[in-house]
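What follows is a short report on a single structure.
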């Protein structure tokens, strides 16, 4: 077990670095942009963060976690992702989506497709590069962006193809949790009653040669979304010939891997540079 004083010291240093990192950033932000069309089941909003530098900028759809039934785009770990992206020259579209149990799968995935379509349709207005779009999520958000990245070409998204996916703490195979109240609330039926639906909602089963490149990061001590979920997804992507990296956070559980991603986040943006940010 890690020494408590060492842990607190390390955590304090990381938090200090994050505060310093965030204090010097310059970005332009358009808040509460409605990305859903008229007549959509819910009016959904997002915040668009852009570097204060000439564009057009590659853009990353950022999706919060929360077990599909909670969470917010305003949480600190989500806004930190956006700050890191803008500091490295990317725009970030940080969005809300419909939550369970009021809205069942595939409602949130449908919402995110609308967000991608909105980005494509408003690229000129906001100086975005519609040909360079990625997605980044953590936990339930990672599950959703991985689904998007593994269903290419994406239906109902205006012809968008994701150039890269960043997925942290990813629930990749929902079938491994047949008794999970969170998954049951998300799907609306038990695994035994709807095995095909549970399979359809599992990113690891949607992998193909057309899948977007994935950067995965995961806490080795995660007991909420076990580490083998990341291992299984990495193996499926590798088998399909899809570029993939798995960054392991050895001493982290699920919450720490979100709040103190640190180096994992920077390596994730390096991955975006390789597959999305740099022009051929």
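In the working numbering, the protein residues as written are 15 to 294. Think of the CB as a built atom: it goes at the ideal place given N, C-alpha and C, for glycine as much as any other residue.
Item checked: Any C-beta of chain B under 8 Å from that of residue 244 -> Structure shown: chain B not included; a single protein chain is present.
Check: Apart from the five residues on each side of it in sequence, which residues of its chain come closer than 6 Å, Cβ to Cβ, to residue 200?
Finding: The count along the chain shown starts at 1 and reaches residue 200 at position 186. Contacts found: 82, 114 and 119.
Next item on the list: Below 8 Å on the Cβ atoms is my guess for residue 138 versus residue 178; work out the distance and round it to an integer in Å.
Entry: As a first step, residue 138 must be located in the chain shown, where it is residue number 124. As a first step, residue 178 must be located in the chain shown, where it is residue number 164. About 22 Å separates the Cβ atoms of residue 138 and residue 178, ruling out a contact at the 8 Å cut-off.
Margin query: Considering only the alpha carbon of each residue, which of 88, 223 and 196 lies closest to residue 257?
Written below: Position 243 of the chain shown, counted from the first residue, corresponds to residue 257. Closest option to residue 257, judged by alpha-carbon separation, among 88, 223 and 196: 223.
Check: Bridge partners of residue 47, per DSSP?
Finding: One-based indexing of the chain shown puts residue 47 at position 33. 60.
Item checked: residue 77 - partner residues in DSSP beta bridges -> Taking the chain shown and counting its residues from 1, one reaches residue 77 at position 63. Per DSSP, 109 and 151.
Next item on the list: Leaving out five residues on either side along the sequence, give the residues of the same chain with a beta carbon under 6 Å from the beta carbon of residue 186.
Entry: One-based indexing of the chain shown puts residue 186 at position 172. 217, 218, 243, 246 and 247.
Item checked: Residues sharing a beta bridge with residue 231, DSSP -> As a working note, residue 231 is residue 217 in the chain shown. Answer is 182 and 261, bridged to residue 231.
Item checked: Between the CA atoms of residue 181 and residue 124 - distance to the nearest angstrom -> Position 110 of the chain shown holds residue 124. Position 167 of the chain shown holds residue 181. Approximately 18 Å, taken between the alpha carbons.
Checklist line | Own chain, CB closer than 8 Å to residue 252, minus 5 neighbours either side, in chain order | finding: Reading the chain shown from its first residue, position 238 is the one you call residue 252. Excluding five sequence positions before and after residue 252, the CB atoms of its chain that fall closer than 8 Å to its own CB belong to 258, given in chain order.
Check: Say the cut is 7 Å; is the CB of residue 237 nearer than that to a heavy atom of the ligand ATP?
Finding: In the structure shown, the ligand ATP is absent, as is every other ligand, since no ligand is present at all.
Next item on the list: Determine, using beta carbons only, whether residue 163 and residue 225 come nearer to each other than 8 Å.
Entry: Start at 1 with the first residue of the chain shown, and residue 163 comes out as number 149. Start at 1 with the first residue of the chain shown, and residue 225 comes out as number 211. Between residue 163 and residue 225, the C-beta gap is smaller than 8 Å, which places the two residues in contact.
Next item on the list: Could you check the C-alpha separation between residue 196 and residue 154 for me, to the nearest Å?
Entry: As a first step, residue 196 must be located in the chain shown, where it is residue number 182. As a first step, residue 154 must be located in the chain shown, where it is residue number 140. Roughly 10 Å separates the two Cα atoms.
Item checked: Alpha carbon of residue 282 to alpha carbon of residue 209, nearest angstrom -> The residue labelled residue 282 in the question sits at position 268 within the chain shown. The residue labelled residue 209 in the question sits at position 195 within the chain shown. Whole-angstrom Cα-Cα distance: 33 Å.
Check: Taking the alpha carbon of residue 172 as the point to measure from, which residue in 160, 273, 144 and 43 has its own alpha carbon closest?
Finding: If you number the chain shown from 1, residue 172 lands on position 158. Ranking the options by Cα distance to residue 172, first place goes to 144.
Item checked: Whole-Å CB distance - residue 109 paired with residue 84, under 8 Å assumed -> To locate residue 109, count along the chain shown from 1; it is residue 95. To locate residue 84, count along the chain shown from 1; it is residue 70. Not really, about 16 Å apart at Cβ, beyond 8 Å.
Item checked: Ordered list of beta strand (DSSP E) runs contained in the stretch 197 to 244, each at least 3 residues -> Inside the stretch 197 to 244, DSSP marks whole beta strand (DSSP E) runs of 3 or more residues at positions 228 to 233, from first to last along the chain.
Checklist line | Same chain only: Cβ atoms within 6 Å of residue 99, ignoring 5 sequence neighbours per side | finding: By 1-based counting over the chain shown, the position of residue 99 is 85. Around residue 99: 74 and 106.
Check: Where does the unbroken alpha helix (DSSP H) through residue 119 begin, and where does it stop?
Finding: In the chain shown, residue 119 corresponds to position 105, counting from 1. Run containing residue 119: none; DSSP gives neither H nor E here.
Next item on the list: Can you give me the Cβ contacts of residue 267 inside the same chain, cut-off strictly under 8 Å, excluding the 5 residues immediately before and after it?
Entry: Along the chain shown, one-based indexing puts residue 267 at 253. 233, 235, 236, 237 and 238, listed in sequence order.
Next item on the list: Please state if the CB of residue 260 and the CB of residue 230 are separated by a distance shorter than 8 Å.
Entry: Start at 1 with the first residue of the chain shown, and residue 230 comes out as number 216. Start at 1 with the first residue of the chain shown, and residue 260 comes out as number 246. Result yes, Cβ atoms of residue 230 and residue 260 sit closer than 8 Å.
Next item on the list: Would you mind sorting residue 122 into buried or exposed? The rule is 16 or more other CB atoms within 10 Å of its CB.
Entry: Here residue 122 corresponds to residue number 108 of the chain shown, with the count starting at 1. Per the 10 Å Cβ criterion, buried.
Check: If you drop the 5 nearest sequence neighbours on each side, which residues of the same chain put their C-beta closer than 6 Å to that of residue 102?
Finding: Counted from its first residue, the chain shown places residue 102 at position 88. Sequence-distant partners of residue 102 (beyond 5 residues in either direction) whose C-beta falls short of 6 Å from its own C-beta, in its chain, are 283.
Notebook entry, point to check: Is it buried or exposed for residue 63, if we count other Cβ within 10 angstroms and need 16 for buried?
Noted result: Taking the first residue of the chain shown as 1, we reach residue 63 at position 49. Classification for residue 63: buried.
Check: Would you call residue 48 buried or exposed, if buried means 16 or more other Cβ atoms sit within 10 Å of its Cβ?
Finding: Along the chain shown, read from residue 1 onward, the residue named residue 48 stands at position 34. Exposed: under 16 other Cβ atoms inside 10 Å.
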